[in-house]
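J.: Got a structure here, written out as structure tokens. Questions coming.
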Amino acid sequence: MNRISRQKRSGMAPDPKKIAINLGRYMKYNDIYFHPDFAGVLKPHQVDGVRFLWQQLVQSGEGRGALLAHTMGLGKTLQV
């Protein structure tokens, strides 16, 4: 697998400050990235949390809610 394919699958763009939010989207939609100021400080579990919320609230198209629960102090406020 070439470098670009691996970056695309992981959600990482060639620029390390560009982290895709909408993984698994339909090809007709543009990529959505974290703001560069946040991308540099988010921890991997926070990126996963935002992606989870995106998938549940936007991509599913079902109009249901979602619950993001972590241990205290892991940065939920930043994710929401």
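With positions in the sequence shown counted from 1, the corresponding number in this note's numbering is that position plus 1246.
The C-beta atom is built at its ideal place from N, Cα and C for all residues, glycine as well.
What separation, rounded to the nearest whole angstrom, lies between the Cα atoms of G1307 and V1287?
T.: Sequence index remark: in the sequence shown, residue 1307 carries index 61 (1-based). Sequence index remark: in the sequence shown, residue 1287 carries index 41 (1-based). Distance between the alpha carbons of G1307 and V1287 is about 30 Å.
J.: For the alpha helix (DSSP H) containing L1303, list its first residue and its last residue.
T.: Position 57 of the sequence shown holds residue 1303. Unbroken run through L1303: none, as it is neither H nor E.
J.: So, for Q1302: in the same chain, excluding its five sequence neighbours on each side, which residues have a beta-carbon less than 6 Å away from its beta-carbon?
T.: Taking the sequence shown and counting its residues from 1, one reaches residue 1302 at position 56. Closer than 6 Å at Cβ, skipping near neighbours: A1312.
J.: With a CB to CB cut of under 6 Å and the five nearest residues on each side skipped, what residues in its chain are close to K1263?
T.: Position 17 of the sequence shown, counting from 1, holds the residue named residue 1263. The answer, listed in chain order, is P1282, A1285, G1286.
J.: Looking only at its own chain, which residues have a Cβ that is under 6 Å from the Cβ of Q1325, when we skip the five neighbours before and after it?
T.: The residue given as residue 1325 occupies position 79 in the sequence shown. Here the set comprises Q1292, G1295, V1296.
J.: Assuming contact is defined by CB atoms lying nearer than 8 Å, are L1320 and F1298 in contact in what I supplied?
T.: Counted from its first residue, the sequence shown places residue 1320 at position 74. Counted from its first residue, the sequence shown places residue 1298 at position 52. Contact: no.
J.: Skipping 5 residues on each side, what residues in its chain have a beta carbon closer than 7 Å to that of Y1275?
T.: Here residue 1275 is taken as the residue at index 29 of the sequence shown, counted from 1. Hits under 7 Å: N1268.
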